[in-house]
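Take a look at the structure below.
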Amino acid sequence: MWKYLKKYWFFCLIAPLFMIGEVSMDLLQPDLMRDIVDNGVLKNNFDIILGIGLKMIVLVLFGALCGILCGVFANLAAQQFGNDLRKDLFSKIMSLSFQQTDKISTGSLVTRLTNDVTQVQNMVMMAVRGFVRNVVMFVGGIFMLYRQSPTFALIAACGLPFVLFFVSFFLKKASPLFAKVQKKLDGINNVMQEDVAGARVVKAYVKEAHELKRFDEANDELCNVNLKVQTLLAFMSPCMNIVLNICVVTVILVGGLTFKTGGDMTPGRIMAAITYLAQILHGITFMANIFQTFTRAKASADRINEVLDCPEIIFDGNYESVPEYKGKIEFKNVCFAYPNTSGGYILDNISFTVNEGETLAIIGATGSGKSTLIKLIPRFYDAVSGEILVNGVNVKDYKLKDLRDKIGIVLQKAELYSRSIEANIRWGKDGATPFEIKKAAEIAQADGFICNTEYGYYTNVSEGGHSLSGGQKQRLSISRAVLKNSEILIFDDSTSALDLKTEAKLYEALNKEYDGTTKIIIAQRIASIKGADRIAVLDHGKIEAMGTHGELLEKSEIYRDIYNSQLKEGDR
Ligand SMILES: Nc1ncnc2c1ncn2[C@@H]1O[C@H](COP(=O)(O)OP(=O)(O)OP(=O)(O)O)[C@@H](O)[C@H]1O
Ligand SMILES: [Mg+2]
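The number in my numbering is simply the position in the sequence shown, starting from 1, with 735 added.
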C-alpha cells in the first residue's frame, strides 16, 4: 500500500501541517478564555474583553482556513490513492488466470474492488487528518493543562491508563470481527450478482421468495456481525466519558479547594483546565475511532493484497521467431485436472494432431471434457502433463498475446457487452472497416437479422446480450471470431441454437471464405460436423475414436449410438 501512498507524499505532508495549524488555534482558545475571565470579566475590564475577544475571532478564522486547506490536501491524497489502487486492482483482476478466478468468487472480487478500497481510502484520510489532529490535541492539551497547573496534569495522567485500557480492550475484541464483516459483504454481493444476472431464471422458476430468503439470510448474517461490532464499540464511548467526568470533577474539587485556601488558582484557570481535559479525552476517544478505522482497513488491505499478490501462474514464454507451420495443433499425451478439485483427470492422455487448414470436429457426451480440451490451446489453463504445440511450438513458449492472437475462439456461453452490435463485433479486430464487419456478419449469417434491427449495426445490445435471442447471440459471437481472421478458429458448441438450415449456410460460407484456416468445432449434433475432415469422439476425458464420419460409423460404437439417436431412418 505504501507504494500507492508514496506518490502523494507532498499532500500527505502538507495536510498534517495545516492540521497542526488548526489544532494549535483550538488549543490556544481556552488559554485566552482564561485571560478573558480572570483579567477581563472578573476585573470588569472591557478593553481586555474586547482585545482578547477579537484575538480569539482572528485565531478561529485562521484555524478554519488551516482546516479547509488540510481537508483539501488530505482529500487529494486519499482520493488519488484510492483511484490508483482501484485501477491497479482491476487490472490485476483482469490478468488473473482462470485457475485463480475460479478460487475467488465474483462477488468477493467486487467487494474488494469497491468496499475494501473505500475502507483503505478512508484510512488514508483518517491518517493524514484525524490521526494528526488527535495526537497534537492530546500532546498539546497535556502541555497546556500543565501550564494551568501541574496538579491538573497529574489528574489527567491518572485517568489516562483507564482510558487506554478501555480502548485496547474494545478494539482487541472488535478487530477480528472486521474481517468477518467484509466476508459477509462478499456473501451479499455473491447472492446479488447471481440473482441480478440470473433474474430471468429466478422469475421463470418463480423462485423470488426462495432467493429473497437467501438474500435475507446473507443480509442478516452481515447485520448480526455488524451489530456485534457496534455493540462492542457502543460500550467504549460511555466508559471513556465516565473517566472524563471523574477527572473533571476531581479538577473542580482540587482547583476549588486550592482557590478557597488562597493558593495559586483562579476561576479562569479551572475553566480552561476543564476544557483542556475535555479536549485531551475527546482526542483519545477519536483516536479509538481512528484505530477502529485502521483495524478495519487492515482487514480490507489484507484482502486487497491477497489479489494484488496473486503470483503469475501463466507466464509468457520468449519465443519470438516465425513458426514453421500456420495453424497446426498437436496434443501429446496431455493430462489435465482442474486445480483444487478431487477426482481423476478430466482429460486423460490425449494425443492428436490437427494439420494446417484441417477441420477437426469433437463430439462426446456432456461433461466428457470437450470445452476443457479447447481451453488448453489458448492457455486458459495449463496441462498437468504432456505437451500442446501450436505451429510446432509449445504453447508455453509463446508470449500469451502472440498465442491468443493466432486463435479466434467462440466460447460455449456467448458473451456480449452493453455496446452497439458493431462495437461487439469489432472486438475481433481493432480498426476493422465497416465493410469487414459486415462481411464477418454475413459469413456468420448475422447480417440479415442485424439489418432488421432498429439502428442496424448501431443498435445497442443490452447487458449480457439479453435483448437478443440465443441464436442471434451465437451468431454475433461467431462474427467477432471470424473478423479476427486468425490461423485457428475454435467453435465450442457455438451453433447449437441455430436451425440446421442456417447452420449449414454458416459452415458453407465459413469453408468458402476461410478454407485455409484450421478449425476445431465442438458440436452435439452429428449434422453439424458430418462434413469435417476428421471427427474425434471424446468419452470420459479420453479419445475413444477418431476418423471421418464414414469411418466412425464403422468403428466407433459411441459415435454410432449418437448417430442412431439423432438421425431418422430416412436421413441415413
Ligand atoms: N472450472 C472448473 N472447475 C472444476 N471443474 C470443472 C470446471 N469446468 C468444468 N469442470 C468439470 O470438468 C468436466 C468436463 O467439463 P467440460 O465443460 O469440459 O465438459 P463438456 O464436454 O464441454 O460438456 P458439455 O457438452 O456439457 O459442454 C465436468 O465434469 C465439469 O464438471
Ligand atoms: Mg462444453
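Each residue gets a CB set at the ideal place from its N, CA and C atoms; glycine is no exception.
(1) Please specify which runs of the alpha helix (DSSP H), each continuous and at least 4 residues long, are wholly inside the region 1147–1234, giving them in chain order.
(2) Quick check: the Cα distance between Glu1304 and Gly1206, rounded to an integer number of angstroms?
(3) In whole angstroms, what separates the C-alpha of Tyr1294 from that of Ile1256?
(4) Between Lys1254 and chain E, is there a C-beta pair that is closer than 9 Å?
(5) Hey, is the region 1260–1271 in contact with the region 1230–1249, meaning 3+ C-beta pairs nearer than 8 Å?
(6) I need the DSSP call for Tyr1298, collapsed to helix, strand or coil.
(7) Given a cut-off of 9 Å on the beta-carbon distance, is the pair Asp770 and Ile755 in contact?
(8) By Cβ distance below 7 Å, which residues in the same chain neighbour Ala891 in space, the five residues on each side in sequence not counted?
(9) Mind pulling the alpha helix (DSSP H) runs of 4 or more residues that sit fully within the region 818–903?
(10) What are the start and end residues of the beta strand (DSSP E) that includes Ser1086?
(11) In terms of residues, what are the limits of the beta strand (DSSP E) holding Leu1143?
(12) What residue does the beta strand (DSSP E) around Val776 start on, and which one ends it?
(13) Determine the DSSP secondary structure at Leu957, reduced to helix, strand or coil.
(14) So, Leu912 versus Ile1019, is the Cβ gap smaller than 9 Å?
(15) Return yes when the C-beta of Gln1147 is under 8 Å from any heavy atom of ligand 2, and no when it is not.
(16) Suppose the cutoff is 8 Å on Cβ atoms and the five residues either side in sequence are ignored; what does the same chain contact list for Glu1177 look like?
(17) Could you give the first and the last residue of the continuous beta strand (DSSP E) run that contains Met1281?
(18) Quick one: Cα of Phe1066 to Cα of Asp955, how far?
(19) Measure the alpha-carbon distance for Gln883 versus Ile1009 and round it to whole angstroms.
(20) Per the DSSP calculation, Leu1273 is bridged to which residue(s)?
(21) Using a Cβ-Cβ cut-off of 6 Å (strictly less than) and excluding sequence neighbours within five positions of Gly990, which residues of its own chain qualify?
(22) Rounded to whole angstroms, what's the CA-CA distance from Leu1218 to Glu1091? Just pull it up for me.
(23) Please determine whether the Cβ atom of Asp1228 lies at a distance below 8 Å from any heavy atom of ligand 2.
(24) Tell me whether the beta-carbon of Gly1104 lies closer than 9 Å to the beta-carbon of Leu1082.
(25) Count the other CB atoms, across all protein chains shown, that sit within 10 Å of the CB of Ile1297; report buried if there are 16 or more and exposed otherwise.
(26) Just verifying my parser: in three-state terms, what is the DSSP assignment at Glu1122?
(27) Between Ser1106 and ligand 2, is there a pair consisting of the residue's CB and a ligand heavy atom that are separated by less than 8 Å?
(28) Measuring straight from C-alpha to C-alpha, what distance separates Met1022 and Ala953?
(29) Counting Cβ pairs closer than 8 Å, one from the region 1121–1134 and one from the region 1054–1066, do we hit at least three?
(30) Following the continuous beta strand (DSSP E) through Cys747, name the residue where it begins and the one where it ends.
(31) Assign Ile1172 to buried or exposed, taking buried as 16 or more other Cβ atoms, counted over all protein chains shown, within 10 Å of its Cβ.
(32) Helix, strand or coil for Phe1071? Go by DSSP, reduced to three states.
(33) Could you tell me whether any non-hydrogen atom of ligand 1 is closer than 8 Å to the CB of Phe816?
(34) Along the chain, where does the beta strand (DSSP E) containing Thr1253 start, and where does it finish?
(35) Would you kindly work out how many angstroms separate the C-alpha atoms of Thr993 and Pro1002, rounded to a whole number?
(36) First and last residue of the alpha helix (DSSP H) that includes Pro1002?
The relevant details are as follows:
(1) Entirely contained in the region 1147–1234, the alpha helix (DSSP H) runs reaching 4 residues are, in chain order, 1156–1161, 1169–1178, 1182–1186, 1205–1218.
(2) Against the sequence shown, residue 1304 aligns to sequence position 569. Against the sequence shown, residue 1206 aligns to sequence position 471. Reliability fails at Glu1304, whose pLDDT of 42 lies under 50, so the model's placement of it is uncertain and no value is given.
(3) Numbered from its first residue, the sequence shown carries residue 1294 at position 559. Numbered from its first residue, the sequence shown carries residue 1256 at position 521. Whole-angstrom Cα-Cα distance: 16 Å.
(4) Looking for chain E here will not work: only one protein chain is present.
(5) Because the criterion of three Cβ pairs below 8 Å is met, the region 1260–1271 and the region 1230–1249 touch.
(6) Locating residue 1298 in the sequence shown gives position 563, where the first residue counts as 1. Tyr1298 sits in a helix when the DSSP states are folded into three classes.
(7) Residue 770 sits at position 35 when you count from the first residue of the sequence shown. Residue 755 sits at position 20 when you count from the first residue of the sequence shown. No; because the gap between Cβ atoms is not below 9 Å, this pair is not in contact.
(8) In the sequence shown, counting from the first residue as 1, residue 891 sits at position 156. The residues are Ile877, Leu880, Cys982, Leu1012, Ile1015.
(9) Qualifying alpha helix (DSSP H) stretches, in chain order: 833–838, 841–846, 852–860, 867–883.
(10) Position 351 of the sequence shown holds residue 1086. First-last of the beta strand (DSSP E) with Ser1086: 1082–1089.
(11) The residue labelled residue 1143 in the question sits at position 408 within the sequence shown. Checking the sequence, you will find Gly at residue 1143 rather than Leu. Boundaries of the beta strand (DSSP E) around Gly1143: 1142–1145.
(12) Taking the sequence shown and counting its residues from 1, one reaches residue 776 at position 41. Segment: none, Val776 is in no beta strand (DSSP E) and carries neither H nor E.
(13) Within the sequence shown, numbered from 1, the residue matching residue 957 stands at position 222. In the displayed model, Leu957 falls within a helix according to three-state DSSP.
(14) Within the sequence shown, residue 912 is the residue found at index 177, counting from 1. Within the sequence shown, residue 1019 is the residue found at index 284, counting from 1. No, the pair does not count as a contact, with Cβ atoms beyond the cut-off.
(15) Position 412 of the sequence shown, counted from the first residue, corresponds to residue 1147. In this structure, Gln1147 has its beta carbon less than 8 Å from a heavy atom of ligand 2.
(16) For this step, residue 1177 is matched to residue 442 along the sequence shown. Around Glu1177: Ala1244.
(17) Walking along the sequence shown from the start, residue 1281 turns up at place 546. Taken as a continuous stretch (DSSP letters only), the beta strand (DSSP E) holding Met1281 covers 1277–1282.
(18) Residue numbering aside, residue 1066 sits at position 331 when the sequence shown is read from its first letter. Residue numbering aside, residue 955 sits at position 220 when the sequence shown is read from its first letter. Cα to Cα, Phe1066 sits roughly 51 Å from Asp955.
(19) For the purposes of this step, residue 883 is taken as the residue at position 148 of the sequence shown. For the purposes of this step, residue 1009 is taken as the residue at position 274 of the sequence shown. One alpha carbon belongs to Gln883, the other to Ile1009, and they sit about 10 Å apart.
(20) In the sequence shown, residue 1273 corresponds to position 538, counting from 1. DSSP output for Leu1273 lists Gly1099, Ile1278 as bridge partner(s).
(21) The residue labelled residue 990 in the question sits at position 255 within the sequence shown. Take Gly990, set aside five residues on each side of it, and the residues of its chain with a beta-carbon closer than 6 Å to its own are Met1000, Ile1005, in chain order.
(22) Taking the sequence shown and counting its residues from 1, the one referred to as residue 1218 is at position 483. Taking the sequence shown and counting its residues from 1, the one referred to as residue 1091 is at position 356. Here the alpha carbon of Leu1218 sits roughly 19 Å from the alpha carbon of Glu1091.
(23) Taking the first residue of the sequence shown as position 1, residue 1228 is located at position 493. Relative to ligand 2, Asp1228 has its C-beta within less than 8 Å of a heavy atom.
(24) Mapped onto the sequence shown, residue 1104 falls at position 369. Mapped onto the sequence shown, residue 1082 falls at position 347. In this structure, Leu1082 lies closer than 9 Å to Gly1104 by Cβ.
(25) Position 562 of the sequence shown holds residue 1297. Buried is the label assigned to Ile1297, since at least 16 other Cβ atoms lie within 10 Å of its Cβ.
(26) Start at 1 with the first residue of the sequence shown, and residue 1122 comes out as number 387. Of the three classes helix, strand and coil, the one that applies to Glu1122 here is strand, per DSSP.
(27) Along the sequence shown, read from residue 1 onward, the residue named residue 1106 stands at position 371. Flag set: Cβ of Ser1106 near ligand 2.
(28) Within the sequence shown, the letter at position 287 stands for residue 1022. Within the sequence shown, the letter at position 218 stands for residue 953. Computed Cα separation, rounded: 32 Å.
(29) Under the 8 Å Cβ criterion, the region 1121–1134 counts as touching the region 1054–1066, having at least three qualifying pairs.
(30) As a first step, residue 747 is located in the sequence shown; it is residue number 12 there, counting from the start. In this chain, Cys747 is not harboured by any beta strand (DSSP E); it is covered by the alpha helix (DSSP H) spanning 744–770.
(31) Here residue 1172 refers to the residue found at position 437 of the sequence shown. Of the other Cβ atoms in all chains shown, 16 or more fall within 10 Å of the Cβ of Ile1172; this residue is therefore buried.
(32) Locating residue 1071 in the sequence shown gives position 336, counting from the first residue. Here Phe1071 carries a strand assignment [DSSP, helix/strand/coil].
(33) Taking the first residue of the sequence shown as position 1, residue 816 is located at position 81. Checking the Cβ of Phe816 against ligand 1 gives no.
(34) Here residue 1253 refers to the residue found at position 518 when the sequence shown is read from its first residue. Here the beta strand (DSSP E) through Thr1253 covers 1253–1257.
(35) Looking up residue 993 in the sequence shown gives position 258. Looking up residue 1002 in the sequence shown gives position 267. Computed Cα separation, rounded: 11 Å.
(36) By one-based count along the sequence shown, residue 1002 stands at place 267. It spans 1002–1043 - the alpha helix (DSSP H) in which Pro1002 sits, taken as one unbroken run.
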